[in-house]
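Notes for the one structure printed next.
Encoded structure:
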């Protein structure tokens, strides 16, 4: 299969620039693996991550795009694209783009980890994360997105071991959603649910990992009694409180270590937040840019 190099319009469409021929489909795969591994080796900001996500979906053509093309298509500023190249270890965007071109043209092998034997625990976690494929394309996921996208404020419930998951999601949700509250205190849960309702919330999200806290189950029942919809991220579709949940999202738990592993729940919640953010891309971009402007106030830099 042949690819024609194209320009990227502001709307994210392509305009033909002529019959420049790229390599076959494997070139995009090589570049995809290389860019993913490169991103994993460096710390990038949320706005820079948006650029990477755009580039991953636009390979191999994006290897021949300018900073202006990429910035307009990804919905970010041109300096953001330039800073991404620097964050990934390159002197500037031209050098970064040249590296991508080399990968596309097959001049360098992508780092894909082949031949490295994974420990058994990583295989199990990989299976748990792989099982999310059914969840993210399910009707339950679509229903969860519809319910949570329409609520403001958004309450995220998490008690005991699930408190860390709720705080994790809440940290990032505050950067793309306007009004987020993490509810992790069982003693004040009744009051917190009531306050959410009185402030206009139409739905709540709960992490309910084993062992299931009774206070979380009561909170779901209370929310429904007040007319709010309930979304829960759980470890199994057979949880005993399923009747109190409008949208049940399953993220298998790893049980092969001393304590349970919730890697799948983290991935699922990030996917859920990404979909919610995409519902209002302009608002999302404005909030991300605003938070990006605060980085210099709190991020440590090498003197």
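Residue numbers (our numbering): -5 to 297. Virtual Cβ for every residue (Gly too), placed ideally from N, Cα, C.
{"Query": "Local conformation of residue 178 per DSSP, three classes", "Result": "coil"}
{"Query": "C-alpha gap between residue 175 and residue 52, whole angstroms", "Result": "36 angstroms"}
{"Query": "Contact set for residue 130: own chain, Cβ-Cβ below 6 angstroms, skip 5 residues either direction", "Result": "265"}
{"Query": "Cα-Cα separation between residue 243 and residue 167, rounded to whole angstroms", "Result": "18 angstroms"}
{"Query": "The stretch 78 to 95 in contact with the stretch 205 to 219 per 3-pair CB rule at 8 angstroms", "Result": "no"}
{"Query": "Among 87, 33, 268, the one whose alpha carbon lies nearest that of residue 57", "Result": "87"}
{"Query": "Assigned exposure category for residue 134 - 16 Cβ within 10 Å defines buried", "Result": "buried"}
{"Query": "Chain-order list of residues whose beta-carbon lies under 6 angstroms from that of residue 197 (same chain, five-residue window excluded)", "Result": "141, 142, 145, 222, 223"}
{"Query": "Pair within 8 angstroms by beta-carbon distance, residue 228 and residue 240", "Result": "no"}
{"Query": "Closest by C-alpha distance to residue 71, when choosing among 177, 280, 171, 294", "Result": "280"}
{"Query": "Residue closest to residue 21, alpha-carbon to alpha-carbon, out of 202, 269, 97", "Result": "97"}
{"Query": "Inter-residue spacing [alpha-carbon to alpha-carbon] between residue 284 and residue 65", "Result": "17 angstroms"}
{"Query": "Through-space distance from residue 282 to residue 41, alpha-carbon basis", "Result": "6 angstroms"}
{"Query": "Boundaries (first-last residue) of the beta strand (DSSP E) holding residue 302", "Result": "The chain is shown from -5 up to 297; residue 302 falls before or after that span and cannot be answered."}
{"Query": "Cβ-Cβ distance between residue 322 and residue 247 below 8 angstroms", "Result": "The structure shown does not extend to residue 322, since the chain spans only -5 to 297, so no value can be given for it."}
{"Query": "Close Cβ partners of residue 84 (< 8 angstroms) along its chain, the five nearest in sequence each way excluded", "Result": "90, 93"}
{"Query": "C-alpha gap between residue 139 and residue 61, whole angstroms", "Result": "33 angstroms"}
{"Query": "Expected contact under 8 angstroms - CB spacing of residue 46 and residue 25 to nearest Å", "Result": "Actually they are not in contact, since the Cβ atoms of residue 46 and residue 25 sit about 12 angstroms apart, beyond 8 angstroms."}
{"Query": "Rounded C-alpha distance that separates residue 111 from residue 121", "Result": "Here the model assigns residue 111 a pLDDT of 43, short of 50, so the residue's position is not dependable, and the following value carries that caveat. Looking at the two C-alpha atoms, the distance is approximately 15 angstroms."}
{"Query": "Cβ neighbour criterion (16 or more within 10 Å) applied to residue -4", "Result": "Reliability of the predicted coordinates at residue -4 is poor, the pLDDT of 33 falling under 50, and no value is obtained from them."}
{"Query": "Expected contact under 8 angstroms - CB spacing of residue 126 and residue 245 to nearest Å", "Result": "7 angstroms"}
{"Query": "Distance, residue 49 Cα to residue 68 Cα", "Result": "8 angstroms"}
{"Query": "Buried/exposed call for residue 177, threshold 16 Cβ in 10 Å", "Result": "buried"}
{"Query": "Proximity to residue 251 [Cα-Cα], best of 119, 55, 28, 79", "Result": "119"}
{"Query": "Nearest to residue 77 (by Cα), restricted to the options 256, 43, 100", "Result": "43"}
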